[in-house]
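Remarks on the structure that follows.
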Amino acid sequence: MSGNEKNTERKWYQTQGKEADTVISTRLRFARNLNGYPFPHRMTDAQKKEVNEKVRDALIGGNSALRDSFTYVEADQLSPVQLAAMVERHLISPEFAGNPKGRALLMMKDESVSIMLNEEDHLRIQVMGSGLQLDELYDTADKIDTLLDETLHFAFDEELGYLTACPTNLGTGMRASVMLHLPALTASGTLNRIASSLDKMGATIRGSYGEGSQSSSAMYQVSNQVTLGISEKDTLSNLTEITRQMIALEKKARAGMLKSEAYQDTVWRALGLMKCARVMSSEEFGELYSALRMGVAEGIVTDVTLDRLADLYVKVQPANIMEQYGKELTPSQRDQKRAEILRNELR
Amino acid sequence: MLCEKCKKNEATAYIKTNVNGDVHEYHLCPDCAAELRNSGEFGKLFDWNGLDDFGGFGSLWGLNSGFDLVSSLLSSPFGSLGGFGSAPAIGSGKRCPVCGSDFGEIAKSGKAGCPNCYTEFRNRLAPTIKKIHGNTVHCGKHSKVTTEQSHENEIASLRNQLNEAIQSENYERAAELRDQIKAMEA
Ligand SMILES: [Zn+2]
Ligand SMILES: [Zn+2]
Chain W
61 MSGNEKNTER KWYQTQGKEA DTVISTRLRF ARNLNGYPFP HRMTDAQKKE
111 VNEKVRDALI GGNSALRDSF TYVEADQLSP VQLAAMVERH LISPEFAGNP
161 KGRALLMMKD ESVSIMLNEE DHLRIQVMGS GLQLDELYDT ADKIDTLLDE
211 TLHFAFDEEL GYLTACPTNL GTGMRASVML HLPALTASGT LNRIASSLDK
261 MGATIRGSYG EGSQSSSAMY QVSNQVTLGI SEKDTLSNLT EITRQMIALE
311 KKARAGMLKS EAYQDTVWRA LGLMKCARVM SSEEFGELYS ALRMGVAEGI
361 VTDVTLDRLA DLYVKVQPAN IMEQYGKELT PSQRDQKRAE ILRNELR
Chain Y
4 MLCEKCKKNE ATAYIKTNVN GDVHEYHLCP DCAAELRNSG EFGKLFDWNG
54 LDDFGGFGSL WGLNSGFDLV SSLLSSPFGS LGGFGSAPAI GSGKRCPVCG
104 SDFGEIAKSG KAGCPNCYTE FRNRLAPTIK KIHGNTVHCG KHSKVTTEQS
154 HENEIASLRN QLNEAIQSEN YERAAELRDQ IKAMEA
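As they're listed, the protein sequences go chains W and Y.
The first sequence maps to residues 61 to 407 in this note's numbering.
The second sequence maps to residues 4 to 189 in this note's numbering.
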């Protein structure tokens, strides 16, 4: 996990996916558990260690086909900054980072696949990709799941499906999420009405980091709600359909917005500030980023690409800034570094 | 916090009573809680429905089922949240043989103790699962092992049917079953 290693490997978010003008990324998570062990909230340290090693050996031990694709790291070997930076890159959950003892992580070098060990469940298999690609990600997650199941024999019940610590994940144990950029729907204030209709379709929508904290950047995550009694295939096609409808609504709202001279000015000003500012807070960056991203997606600004923007977004998150500079920084120092990174990248 | 009854031991059980709308809260040590539970009087005195006021996930597990709660004197949220094996030995309720959880602990944490808890407490967990997901069973991917197991179970059940068919001299049906078994074994 050295900084150098990190920089040489191309990450999943540095490539552009389908529907990139409105869809930032897609994520799938499978909750899986081993028979014969308590769930993590009741495990001893020794049991956690056993599970960590069992899963590690199943995935990258012996003659596993994936032996060279994954790295294994124990969470308490990572610094708080490294952990926080991984949360910002959506590699691990805030819950996992907040309580690293006895937990471990298996991850693919491009960070597109990560397996959290001993979070709420023994395994949380997570696959991420840029743009809209639910079916593609499912194929990957399904293959890894099947491979691990051959050695680990996941806890399963004919009626309840995959057995999980929390009953909300029973059944497929699958949570599928699409991260959307919805600046026009946010501006027009129609998002609340959409949220309540999503509920009826078995989906939920929330701010990008789960807490609504980054809503200044107009990023939202739409996920399936129910996991029992609906197959993976139906869950995914349902979510794809919902996403398509959201995309259509956003595009319609954008069309009106783009005609306005004032909005075009907002986009150019965002680029101007990012290229020149000496101090920039997270909040300010969130707003400017949202305007610029939409400007790039709609062809107003052409000297930056969406994948470069996605990369930039990660680079200026607080913990990722500190990781790059290799030390802890105060918020005001970070605001200076953020501006510095933006100036260098957008020059 | 000290036990309110003996004022000696650490209180690990929280009990809320509701007698005709008269609400009381008690923080008791395991001994006093067990004593209370064993005194034949409590059934008349306490409305154990009050326990679902543990809030959060407690109510999720449908903890308002009256006498089921006898075995679920729950430890206080501030009591020891110790892991495997360190649960207070109160109540005579059934415990999961794999992880040692009783139903009260599951209700309180909102999480099963281990995969086997779902088998052990199936009937008592069913209402909550229904509340979350609706009245439904799993459809979708199956774990390979279980698929193989259920495949074998199915073949075994066909064999039983085959024996019955032969015994009752229903040869037409027996031939059908034999073909089915052959196809499944292939
Ligand atoms: Zn006492
Ligand atoms: Zn159990």
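Don't be surprised by glycine CBs; every beta carbon is placed ideally from N, CA and C.
Quantities reported herein were computed from a predicted structural model and do not represent experimental measurements.
Would you check whether ligand 2 has a heavy atom nearer than 7 Å to the C-beta of E180(W)? Counted from its first residue, the first sequence places residue 180(W) at position 120. False, no ligand heavy atom lies under 7 Å from that Cβ.
When you measure from the CB of C6(Y) to every non-hydrogen atom of ligand 2, does any distance come out below 7 Å? Along the second sequence, one-based indexing puts residue 6(Y) at 3. The closest heavy atom of ligand 2 lies 7 Å or more from the beta carbon of C6(Y).
Chain W contact for I158(Y) (CB, 8 Å cutoff): What you label residue 158(Y) is simply residue 155 of the second sequence in a count that begins at 1. Not an interface residue.
May I ask you to list the residues that DSSP assigns as paired with L240(W)? The residue given as residue 240(W) occupies position 180 in the first sequence. For L240(W), which the question treats as bridged, DSSP gives the partners V83(W), Y280(W).
Output the distance between the C-alpha atoms of L223(W) and G162(W), rounded to the nearest integer angstrom. As a position in the first sequence, residue 223(W) is number 163, starting the count at 1. As a position in the first sequence, residue 162(W) is number 102, starting the count at 1. When rounded, the distance between both Cα atoms is 21 Å.
Should L112(Y) be counted as a contact of ligand 2 given a C-beta to heavy atom distance under 7 Å? For this step, residue 112(Y) is matched to residue 109 along the second sequence. Per the sequence presented here, residue 112(Y) reads as Ser, with Leu not at that position. Incorrect: S112(Y) has no Cβ contact closer than 7 Å to ligand 2.
Per DSSP, what kind of secondary structure is G43(Y) in: helix, strand or coil? Residue 43(Y) sits at position 40 when you count from the first residue of the second sequence. Its pLDDT being 37, under 50, G43(Y) is placed unreliably by the model, and the measurement read from it follows with that caveat. In this structure, G43(Y) counts as coil in the three-state DSSP scheme.
Determine whether the Cβ of N52(Y) lies closer than 8 Å to any Cβ atom of chain W. Here residue 52(Y) refers to the residue found at position 49 when the second sequence is read from its first residue. Annotation note: pLDDT 24 at N52(Y) (below 50); position unreliable, no value reported.
Taking Cβ-Cβ distances below 7 Å as the criterion, which residues of the stretch 81 to 94 of chain W are in contact with chain Y? With the criterion set as a beta carbon lying under 7 Å from some beta carbon of chain Y, the members of the stretch 81 to 94 of chain W are N93, in sequence order.
Which parts of the stretch 294 to 358 of chain W are runs of the alpha helix (DSSP H), unbroken and 4 residues or longer, counting only runs that do not cross its ends? 321 to 336, 342 to 357
Skipping 5 residues on each side, what residues in its chain have a beta carbon closer than 6 Å to that of Q186(W)? Along the first sequence, one-based indexing puts residue 186(W) at 126. R89, S174.
How many Å lie between M382(W) and G332(W) at the Cα? Along the first sequence, one-based indexing puts residue 382(W) at 322. Along the first sequence, one-based indexing puts residue 332(W) at 272. Rounded to whole angstroms, M382(W) to G332(W) spans 25 Å at the Cα level.
Cβ of G221(W) less than 8 Å from any chain Y Cβ? As a first step, residue 221(W) is located in the first sequence; it is residue number 161 there, counting from the start. Output row for G221(W): interface = yes.
For a cutoff of 8 Å on Cβ pairs, would you count P130(Y) as touching chain W? Stepping through the second sequence from its first residue, residue 130(Y) is reached at position 127. Not an interface residue.
Burial state of R162(Y) (16 or more Cβ within 10 Å): Counting from 1 along the second sequence, the entry for residue 162(Y) is found at position 159. It is exposed - the Cβ of R162(Y) has fewer than 16 other Cβ atoms within 10 Å.
Under 7 Å from any heavy atom of ligand 2, does the C-beta of G107(Y) make it? By 1-based counting over the second sequence, the position of residue 107(Y) is 104. For ligand 2, not one heavy atom lies less than 7 Å from the Cβ of G107(Y).
Identify the continuous alpha helix (DSSP H) that holds R127(Y) and give its terminal residues. In the second sequence, counting from the first residue as 1, residue 127(Y) sits at position 124. Where R127(Y) is concerned, the enclosing alpha helix (DSSP H) stretches over 125 to 136.
Write down every uninterrupted run of the beta strand (DSSP E) in the stretch 161 to 242 of chain W whose length is 3 residues or greater and which is fully enclosed by it, in chain order. 164 to 168, 173 to 177, 183 to 190, 234 to 241
Which residue marks the beginning of the beta strand (DSSP E) containing V133(W), and which one marks its end? Here residue 133(W) refers to the residue found at position 73 of the first sequence. In the DSSP assignment, V133(W) falls within the beta strand (DSSP E) that extends over 130 to 134.
Thinking C-beta only, is E179(W) closer than 8 Å to L151(W)? Translated into positions along the first sequence, residue 151(W) becomes position 91. Translated into positions along the first sequence, residue 179(W) becomes position 119. Their beta carbons are not under 8 Å apart, which means L151(W) does not touch E179(W) by this criterion.
Pick out whichever of N173(Y), N166(Y), A159(Y) has its Cα sitting closest to the Cα of M187(Y). Against the second sequence, residue 187(Y) aligns to sequence position 184. Checking every option, the nearest Cα to that of M187(Y) belongs to A159(Y).
Is the closest heavy atom of ligand 2 to the C-beta of V111(W) under 7 Å? Along the first sequence, one-based indexing puts residue 111(W) at 51. Checking the Cβ of V111(W) against ligand 2 gives no.
Using a cut-off of 7 Å between C-beta atoms, extract the partners of S124(W) located in chain Y. Translated into positions along the first sequence, residue 124(W) becomes position 64. Under the 7 Å cutoff, chain Y gives no residues; its nearest Cβ is about 16 Å from S124(W).
Can you check which of these residues, R338(W), L119(W), P160(W), G96(W), is closest to P100(Y) by C-alpha distance? In the second sequence, counting from the first residue as 1, residue 100(Y) sits at position 97. For the residues R338(W), L119(W), P160(W), G96(W), the minimum Cα distance to P100(Y) belongs to G96(W).
Please list the terminal residues of the continuous beta strand (DSSP E) segment that includes I265(W). Mapped onto the first sequence, residue 265(W) falls at position 205. It spans 263 to 267 - the beta strand (DSSP E) in which I265(W) sits, taken as one unbroken run.
Please indicate yes or no: does the CB of N119(Y) lie closer than 7 Å to some heavy atom of ligand 2? Residue numbering aside, residue 119(Y) sits at position 116 when the second sequence is read from its first letter. It does: the Cβ of N119(Y) is within 7 Å (strictly closer) of some heavy atom of ligand 2.
Relative to chain W, which residues along the stretch 106 to 122 of chain Y have a C-beta separation below 9 Å, given in chain order? E108, S112, G113, K114, A115, G116, C117, P118, N119, C120, Y121, T122
Using the Cβ count rule (16 or more neighbours within 10 Å means buried), how would you classify T131(W)? Here the question's residue 131(W) lines up with position 71 in the first sequence. With fewer than 16 other Cβ atoms within 10 Å, it is exposed.
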